[in-house]
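Reading through the structure tokens given below for one structure.
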Amino acid sequence: MNAKERDRRRFLKEGVALAGLAMGAIRSANGQAPGSEQPGIRPGKFRAYGERSRFETAVRMQKSPGSSSSFAPLQDQMGIITPSALFFVQSVYSSGDDPLDIDPQQHRLLIHGMVDRPLTFTMDELKRLPSVSRIHFIECEGNSRFSIRGKNDAGVAETAQEIHGISGCSAWTGVLVSLLLREAGVQKGASWLIAEGAETNKMVRSIPLEKAMDDVIVAYGQNGEALRPENGYPVRLVVPGWDGNINIKWLRRIKVVDQPYMTHQESATRPSLRLDGKARWFQWEMGPKSVITRPSGGQRLPSRGFYEITGLAWSAGGAIRRVEVSTDGGRTYKDAQLQEPVLRKAFTQFTFPWNWNGEETVLQSRCTDERGDVQPTLAELGKIWGVTPEYWQATTNHINHFNPIFPWKVTREGSVHNALF
Ligand SMILES: Nc1nc2c(c(=O)[nH]1)N[C@H]1C(S)=C(S)[C@@H](COP(=O)(O)O)O[C@H]1N2
Ligand SMILES: [Mo]
């Protein structure tokens, strides 16, 4: 029996249990006589630019009051697309001008340096060029380190939002950098790009030419409309799978050069110091990560019985090939179902049917990407880094690329908690 067939049989079997659940649902709905007037309905009004129902309340969590740096409510996300209005925001040079308010008519993108023809594009000119629309995640390199209590600026680390919310996945529309560079004509010896944002403090990052030619997008669209100001309007870089930090927003300049510039963002906060005193420089790829978003920290299970466990998995290594779920704290794992579409360097949704028996337990997931890279346990991650658990907990250590398997504890009362440490 192959994996697909096994899956099918399992779901057929669980279908029987679900039929029982559906019966229960009908019984409880019976409180209301069919055909009678339903309470809670009243006329609304048309809006030329749509808004969600007033009953929907999920919002971004600000890092600090007044800051536009914020975390997305991943526990409320349905499917793989993070809506623009809820997409996380990280702006490292908040200087009172954040988010920038840029007039697209006046915005220019300059491409210069080691090129045959330096080019300046208006937004209209960019939009005339052949475009792509691709679904990719962006994850801040510091995401999930907030699973360690005290590592969050807000001092809490309980919900999927507080812990994993500086990641999101959207459909990005724009022009491939490779196309722009071919137009400009890259000169021999060039090997890096320097990309610069338009804010007062000029966010700058170095990007290897090879990556730029592979799949980097100069994006002006997100989820079917223009980027939001917080996320880089009118144009940003999308560097699929790599550190969020390198996805330069409010992009105004790409300089083609022959070496990395060791910019402030690259040299001051990005290298990660290990216990042995060695630092890791220029690590860009976000490793395989999966997170159960429902049930997750801060939520409550009202009663024992059936729940669909669902979550998100992603990796810079390409497509997610497998997600396994454990409902017994990692003693045993079973394959979760991957929901279509399963795309490269994008969130993939997984689901797993679960009957909660009312006992205390721990839920967790681990994923494997198309390269065969498996999400590590905390202990395995420690080995890769050459560090002990105390290292992660020392609040002075700035931790990036933190992707261990994340456990949620379910108590007998049905409350769900961060159980990593
Ligand atoms: N110009 C500019 N680009 C930037 C930043 C910034 O502060 N300025 N922040 C970076 C960081 S740290 C991250 S994680 C991502 C976040 O993208 P988002 O704010 O659209 O979610 O943008 C990156 N690009
Ligand atoms: Mo970031």
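In this note's numbering, the protein residues as written are 6 to 426. All C-beta atoms, glycine included, are put in the ideal place defined by N, C-alpha and C.
| said: Taking the alpha-carbon of N362 as reference, which of T353, F411 and Y312 has the nearest alpha-carbon? | reply: Position 357 of the sequence shown, counting from 1, holds the residue named residue 362. The candidate whose alpha carbon is nearest that of N362 is Y312.
**Message:** On the DSSP bridge list, what partners appear for W247?
**Reply:** Position 242 of the sequence shown, counted from the first residue, corresponds to residue 247. In DSSP, W247 forms a bridge with E290.
ask   = Can you give the Cα-Cα distance for T268 and W197, rounded to whole angstroms?
value = Mapped onto the sequence shown, residue 268 falls at position 263. Mapped onto the sequence shown, residue 197 falls at position 192. If you take the alpha carbons of T268 and W197, they lie about 13 Å apart.
Among W177, T164, R133 and Q110, the one whose alpha carbon lies nearest that of P78
Taking the first residue of the sequence shown as position 1, residue 78 is located at position 73. Checked all of W177, T164, R133 and Q110; the closest Cα to P78 is T164.
D374: first and last residue of the uninterrupted beta strand (DSSP E) it sits in | In the sequence shown, residue 374 corresponds to position 369, counting from 1. Residues T366 to D374.
Next on the checklist: So, for L5: in the same chain, excluding its five sequence neighbours on each side, which residues have a beta-carbon less than 8 Å away from its beta-carbon?
Outcome noted: Lying outside 6 to 426, the shown extent of the chain, residue 5 is not represented and no answer is given.
> In whole angstroms, what is the alpha-carbon distance linking D248 and R299?
Replying inline: The residue labelled residue 248 in the question sits at position 243 within the sequence shown. The residue labelled residue 299 in the question sits at position 294 within the sequence shown. C-alpha separation (whole angstroms): 26 Å.
- Query: What do you get for P307, buried or exposed, if any count of 16 or more other CB atoms within 10 angstroms of its CB means buried?
  - Reply: For the purposes of this step, residue 307 is taken as residue 302 along the sequence shown, with counting starting at 1. Answer is exposed; the Cβ neighbour count stays below 16.
Margin query: Output needed for G202: all residues of its chain with C-beta closer than 6 Å, excluding positions within five of it in sequence on either side, in chain order.
Written below: If you number the sequence shown from 1, residue 202 lands on position 197. M208, I253, K254 and W255, listed in sequence order.
- Query: Among residues of its own chain, excluding the 5 on either side of L343, which ones have a beta-carbon nearer than 7 Å to its beta-carbon?
  - Reply: Counted from its first residue, the sequence shown places residue 343 at position 338. Here the set comprises I325, V328, T353 and F355.
Answer yes if the segment 62 to 70 comes into contact with the segment 82 to 102, meaning at least three C-beta pairs across the two stretches below 8 Å, and no otherwise.
yes
Near L383, what residues of its chain come up, given a Cβ to Cβ distance below 6 Å and the 5 sequence neighbours on each side ignored?
Position 378 of the sequence shown, counted from the start, is the residue given in the question as residue 383. P409, listed in sequence order.
For E188, is the beta carbon positioned less than 8 Å from some heavy atom of ligand 2? Along the sequence shown, read from residue 1 onward, the residue named residue 188 stands at position 183. Not under cutoff, so the answer is no.
task = Kindly indicate which three-state DSSP category A171 falls into: helix, strand or coil?
result = Residue mapping note: residue 171 aligns to position 166 of the sequence shown, counting from 1. First, the residue type needs correcting, since residue 171 is Ile and not Ala in the sequence shown. Of the three classes helix, strand and coil, the one that applies to I171 here is coil, per DSSP.
Check: Nearest to G419 by alpha carbon, out of R309, T178, R122 and L114?
Finding: Translated into the one-based positions of the sequence shown, residue 419 becomes position 414. Considering only alpha carbons, the answer is R309.
For this session: Spell out the partners DSSP gives H422 in its beta bridges.
Result: Taking the first residue of the sequence shown as 1, we reach residue 422 at position 417. Looking at the DSSP assignment, H422 forms a beta bridge with K414.
*asked:* Between which residues of its own chain and D220 is the CB-CB distance below 6 Å, once the five residues before and five after are set aside?
replied: For the purposes of this step, residue 220 is identified with residue 215 of the sequence shown, where counting begins at 1. Contacts found: P245.
In terms of residues, what are the limits of the beta strand (DSSP E) holding G118?
-> Indexing the sequence shown from 1 puts residue 118 at position 113. R113 to G118 is the span of the beta strand (DSSP E), which, as asked, contains G118.
Report task. Kindly examine ligand 2 and report whether one of its heavy atoms sits closer than 8 Å to the Cβ of E290. Result -> Position 285 of the sequence shown, counted from the first residue, corresponds to residue 290. E290 Cβ: outside cutoff for every heavy atom of ligand 2.
Q: Examine the Cβ distances between the segment 225 to 244 and the segment 102 to 109 and report whether three or more of them are shorter than 8 Å.
A: yes
Problem - Chain-order list of residues whose beta-carbon lies under 6 Å from that of Q43 (same chain, five-residue window excluded) - result: Here residue 43 is taken as the residue at index 38 of the sequence shown, counted from 1. Nothing meets the Cβ criterion.
*N250 beta carbon near ligand 2 (any heavy atom closer than 8 Å)*: Taking the first residue of the sequence shown as position 1, residue 250 is located at position 245. N250: yes, Cβ under 8 Å from ligand 2.
For a test of the three-state rule: what should DSSP assign to R187, helix, strand or coil?
Position 182 of the sequence shown holds residue 187. Helix.
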